[in-house]
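Trainee: Starting off with a structure, shown below.
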Amino acid sequence: AKYRDVPLSVLKKITYTSTEKDVVRHLMRVASGLDSAILGESQILGQVKDAYEIALQFNACGSILARMFSAAIHVGKQVRTYTPIGDKSTSISHAAVELIRQNISNFKQT
Numbered sequence: 123a124k125y126r127d128v129p130l131s132v133l134k135k136i137t138y139t140s141t142e143k144d145v146v147r148h149l150m151r152v153a154s155g156l157d158s159a160i161l162g163e164s165q166i167l168g169q170v171k172d173a174y175e176i177a178l179q180f181n182a183c184g185s186i187l188a189r190m191f192s193a194a195i196h197v198g199k200q201v202r203t204y205t206p207i208g209d210k211s212t213s214i215s216h217a218a219v220e221l222i223r224q225n226i227s228n229f230k231q232t
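Residue numbers (this note's numbering): 123 to 232.
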């Protein structure tokens, strides 16, 4: 709220709060591509890394949060390397283009 000069009451209306295990679980699932619009989406891990770097730049990341982000990034890499989740993963933009291509092909055939 202080960083963007937004009243805390406004911020509370547009965000949600989680604690402890729920936060860790959510971050691990996001970094692993399990909590994305497309399962295993390829850009998610990079976005988690970017968020971590920004938090570090603005001193918004204490030692516990830093360890949590580091672990999540490590887990995300492991999931993509050692499970099939990353085999056919794509980004939302790639999926949208493919959907448009399929629909244009179907439209031309009718």
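Where a beta carbon is used, it is the ideal one built from N, C-alpha and C, also for glycine.
Please confirm whether Ala159 and Ala194 have their CB atoms less than 8 Å apart.
Mentor: Going by C-beta atoms, Ala159 is not nearer than 8 Å to Ala194.
Trainee: Identify the continuous alpha helix (DSSP H) that holds Ser131 and give its terminal residues.
Mentor: Run containing Ser131: 130–136, per the alpha helix (DSSP H) assignment.
Trainee: Would you kindly check if the distance between the Cβ of Arg151 and the Cβ of Asp157 is under 8 Å?
Mentor: Result yes, Cβ atoms of Asp157 and Arg151 sit closer than 8 Å.
Trainee: Would a C-beta distance cut-off of 8 Å place Ile207 and Gly155 closer than the cut-off?
Mentor: Yes, the pair counts as a contact, with Cβ atoms nearer than the cut-off.
Trainee: Report yes if the C-beta distance between Arg126 and Leu167 is below 8 Å; otherwise report no.
Mentor: Contact: no.
Trainee: Can you tell me where the alpha helix (DSSP H) with Ser154 in it begins and where it stops?
Mentor: Element bounds for Ser154: 142–154.
Trainee: Compare the C-alpha of Ser192 against each of Glu220, Ala177, Thr205 and name the closest.
Mentor: The option with the nearest alpha carbon to Ser192 is Ala177.
Trainee: In three-state DSSP terms, what is Phe191?
Mentor: Helix.
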